[in-house]
Amino acid sequence: MTIPQRVQRRRTKGWRMPDNTIYVGRGSKWGNPYTLEIMQKKIDELAGLFETESSISAREMAVEAFRCDMKYGPESAWWWYGPHMKILTALKHLHDLRGKNLACWCPLDQPCHADVLLELANTEGS
Numbered sequence: 001m002t003i004p005q006r007v008q009r010r011r012t013k014g015w016r017m018p019d020n021t022i023y024v025g026r027g028s029k030w031g032n033p034y035t036l037e038i039m040q041k042k043i044d045e046l047a048g049l050f051e052t053e054s055s056i057s058a059r060e061m062a063v064e065a066f067r068c069d070m071k072y073g074p075e076s077a078w079w080w081y082g083p084h085m086k087i088l089t090a091l092k093h094l095h096d097l098r099g100k101n102l103a104c105w106c107p108l109d110q111p112c113h114a115d116v117l118l119e120l121a122n123t124e125g126s
């Protein structure tokens, strides 16, 4: 069996999603509810509060918030900041992703919540 991987979805003419691949972007039940815009606002607020620059990008913060919610549920520090019902739906359907490639719009060289889903869906006992 091949190891499931992340695929970058494209709008290029003729591009087709590979076999054994599920779209997990924002419009799907597995989409990350933490948008880059919301996370950038939070970073700016914290930077202003502490009068310092942030060393984390909005994308990294969005992926980490998603990871925390998916792994720890209500115990996550982010749980009540985001639409936790979306996380519950993603958790309920996590088993559907086991053994599948996951497609999202994020560039492959940047953090993406699909990496979190790949890890969690393909862990023994998930």
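For the sequence shown, full-length UniProt numbering assigns the number 1 to the initial residue and increments by one for each residue that follows.
Don't be surprised by glycine CBs; every beta carbon is placed ideally from N, CA and C.
Sequence-distant residues of the same chain with beta carbon closer than 7 Å to residue i, five excluded per side
i           : result
residue 82  : 33, 34, 65 and 69
residue 58  : 36, 39, 40 and 43
residue 112 : 6, 63, 104 and 106
The beta strand (DSSP E) enclosing residue i, as first and last residue numbers
i           : result
residue 56  : Residue 56 -> no beta strand (DSSP E), and no H or E assigned at all.
residue 116 : Element bounds for residue 116: not the beta strand (DSSP E) but the alpha helix (DSSP H), 113-121.
Candidates the options: closest to residue i by CA position
i           : options            : result
residue 115 : 12, 54 and 31      : 31
residue 92  : 23, 120, 52 and 25 : 120
residue 3   : 112, 49 and 98     : 98
residue 26  : 100, 89 and 71     : 89
First and last residue of the uninterrupted alpha helix (DSSP H) at residue i
i          : result
residue 40 : 36-50
residue 90 : 84-92
Cβ neighbours of residue i in the same chain (closer than 6 Å, five flanking residues each side left out)
i          : result
residue 54 : 43 and 47
(message) I'd like to know if the stretch 97-113 and the stretch 3-19 are in contact, where contact means that at least 3 CB-CB pairs between them fall below 8 Å.
(response) Yes, the stretch 97-113 is in contact with the stretch 3-19.
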